[in-house]
Amino acid sequence: MATKIPVPKLGQSEETVTIASWQVKEGDAIKKGDVLFQVETDKAVLDVESQFEGTILKIVTPAGVEVPVMTTAAIIGAPGEEIPAEMLAAAPKAAPAPAPAPAPAPVAKPAPAAKPAPTAGAAPAAPPPAPAPRPTPPPPPAPAAKKPVSPRAKKFASDYLVNVEKIPAAGTRVTEQDVRNYLESTGYFDRKITPVALNLAKESGVEMVELEGSGDNGRITVEDVRAAIAERPQLFNTMRRVIADRLTQSKQTIPHFYVTVAIDLSGLMAKRKALKAEGINLSVNVFVIKAVALALRDFPMVNSFCDGRSVSCRSKINIGMAVSVDNGLVVPVIRNADRKSLDEIQAESAELAEKARAGKLSPDDMKGGTFTISNMGMMNVESFGAIINPGESAILAVASSVPTPVVRDGEIVVRDIMKVTVSADHRVVDGAMAAAFANAVRVNLENTALWDSMI
């Protein structure tokens with residue numbers, strides 16, 4: 212019996228997803244556990260496995276289309292089985308753009324009143340009334356509808372790699388002669404192109420008129436064509452689009468301010484070295500996560516959420532750690548980080564980072580964060596400021612640990628100094644609070660006795 216395979220709901224917050232690629236085609240026989248397709252959410256690309264056995268009768272939702280969860284992705288059944296008409300759903304289509312509102316009719320400008328001639332000996336005339344506000348000029352007329360193109364003109368333009376839509380028509384439609392006139396007016400026939408470059412341009416649909424030659428006497432080479440291809444606009448994938456939308460929203464709606472402190476990691480680095488000699492390997496990031504989680508206990512407002520009218524302090528301390536991946540950035544969450552041991556944080560953070568880079572994070576791995584840490588310590592940066600993750604009130608940017616000359620007890624010594632910057636939402640976190648929180652993180656990281664008690 213024919214059965215619909217839906218696009219699954221992968222997490223509580225997911226309402227739409229995009230099928231990134233199909234791993235099967237119509238007519239393929241599949242069994243339970245076979246990967247049917249990959250879905251791209253705003254945070255990861257995940258495999259979707261079949262829960263049924265049979266033959267793919269029809270792929271309903273093509274790759275690259277964003278659809279609501281539970282939309283029919285495909286229909287499976289017995290080989291050659293007829294699909295009931297009610298099960299067939301049209302492939303998702305983009306919603307049509309709304310029609311532009313009609314331009315307002317121009318408002319006639321009233322003629323100015325005649326100015327009376329002055330009368331000798333008369334009192335000065337009262338000042339004229341203020342002129343009426345000038346009417347807003349109507350918007351420019353909409354561009355004329357595109358003229359039809361003759362078949363010969365289409366082929367001629369295609370052969371010479373020009374966009375027929377840019378060619379003006381002398382008559383009611385674009386003709387072959389119009390194309391010739393356009394080519395002559397743009398100096399097309401004076402241009403030279405290597406045969407390999409011409410073939411590549413044809414394969415890639417590169418418009419010849421827009422190419423600039425870098426070869427001898429302006430000759431267009433294959434490198435010029437490749438440069439034109441590389442400069443084409445690239446649509447954001449789902450993850451990049453969501454990142455752009457969320458961070459733009461954050462910077463536009465949350466009043467950010469920044470507090471930076473320098474932390475002396477010399478004691479901690481010596482502690483890590485001693486632990487490593489004992490076979491205990493803990494990353495600096497583990498200590499940062501724990502130090503932040505402990506500091507948040509004393510600063511609940513930094514661990515809060517503001518909707519613009521009220522603030523809610525979170526009862527749990529769930530630390531999101533930003534992880535860079537090939538196509539963007541993801542933020543898996545370590546829940547109840549203040550109550551977990553260092554080795555638990557080490558194991559969990561390593562597992563989440565590995566899943567992130569493999570594109571295997573689930574939506575549940577990335578929900579529930581209350582505070583985020585962006586650590587660029589491995590990238591040789593002195594300091595930076597991060598953008599607050601929407602739904603939170605602050606984020607900590609962690610820079611590299613750098614050997615730095617500092618003054619200690621009146622003497623210049625070299626210490627391992629790491630700068631961290633708190634980006635805070637000024638609606639709920641004031642400068643003094645952000646400074647106190649940043650210094651609480653510093654005190655925790657510099658307190659070797661604290662770490663001795665946790666090993």
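For the sequence shown, counting from 1, position 408 maps to 619 in my numbering; every step adds exactly one. The C-beta atom is built at its ideal place from N, Cα and C for all residues, glycine as well.
C-beta atoms of residue i and residue j nearer than 8 Å
i	j	result
M577	V609	no
V470	A646	yes
I241	L268	no
D475	I628	yes
T464	R430	no
T266	I230	no
E387	A412	no
A284	V373	no
I623	P616	yes
K358	V385	yes
P280	T227	In the sequence under discussion, the amino acid at residue 280 is Val, which differs from the Pro named in the question. Yes, the pair counts as a contact, with Cβ atoms nearer than the cut-off.
D370	A381	no
T673	G519	No statement about residue 673 is possible, as the shown extent of the chain runs from 212 to 666 and does not include it.
M298	K215	yes
F510	M665	no
I294	A408	no
I599	S634	yes
G579	E603	no
V200	V246	A question about residue 200 goes unanswered here, because the residues of the chain that appear run from 212 up to 666.
E251	M450	yes
V497	L563	no
V640	M532	no
D575	A605	no
Secondary structure of residue i, DSSP reduced to three states
i	result
F510	coil
L476	coil
A314	Here A314 scores only 42 on pLDDT, less than 50, and its place in the model should not be relied on; the value that follows carries that caveat. Correct three-state label for A314: coil.
D245	coil
D239	coil
K630	strand
I378	coil
K269	strand
A325	Its pLDDT being 45, under 50, A325 is placed unreliably in this model, and the coordinates cannot settle the point.
S461	helix
A643	helix
V373	coil
Q504	The identity of residue 504 in the sequence shown is Ala, whereas the question assumes Gln. A504: helix per DSSP, three-state reduction.
S573	coil
A608	strand
A353	With a pLDDT of only 44 at A353, under 50, the local geometry of the prediction cannot be trusted, and the value read off the model is given with reservation. Note: A353 maps to coil in three-state DSSP.
V592	coil
A567	helix
A488	helix
K578	coil
N448	coil
Q262	coil
K220	coil
I454	helix
E293	coil
Q234	coil
A481	helix
S494	coil
I666	coil
V652	helix
Strand pairing of residue i, partner residues [DSSP]
i	result
G602	G602 pairs with nothing; no bridge assigned.
E277	T229
D636	H467
T615	R626
T282	DSSP, once it has assigned bridges, lists no residue as partnering T282.
I287	T214, I267
L257	V250
A660	Looking at the DSSP assignment, A660 forms no beta bridge with any residue, so it has no partner.
I584	M532, L607
V385	V360
Residue-level contact to chain C via CB, residue i, 8 Å cutoff
i	result
I528	Chain labels in this structure do not include chain C; a single protein chain is all it has.
Count the C-beta pairs between the region 479-496 and the region 515-526 that are closer than 8 Å, then say yes if the count reaches three, no if not. The region 479-496 vs the region 515-526: no contact.
In chain order, which continuous runs of the alpha helix (DSSP H) of length 4 or greater are located wholly inside the region 507-554? As for any alpha helix (DSSP H) of minimum length 4 sitting wholly inside the region 507-554, there is none.
Report yes or no: do the region 562-574 and the region 586-603 share at least 3 C-beta pairs separated by less than 8 Å? With the cut-off at 8 Å, the region 562-574 and the region 586-603 do not touch.
Can at least three beta-carbon pairs, one atom from the region 533-548 and one from the region 478-492, be found at a separation below 8 Å? Per the Cβ contact rule, the region 533-548 is not in contact with the region 478-492 (fewer than 3 Cβ pairs under 8 Å).
Those runs of the alpha helix (DSSP H) which lie wholly inside the region 394-443 and span at least 4 residues: If we require 4 residues or more, the alpha helix (DSSP H) runs fully inside the region 394-443 come out as 406-415, 433-441.
Taking 8 Å as the threshold, find out whether the region 546-556 comes into contact with the region 498-512 through three or more Cβ pairs. Judged by Cβ distances under 8 Å, the region 546-556 makes contact with the region 498-512, as three or more pairs qualify.
Taking three-plus beta-carbon pairs below 8 Å as touching, is the region 424-442 in contact with the region 395-404? Yes, they touch.
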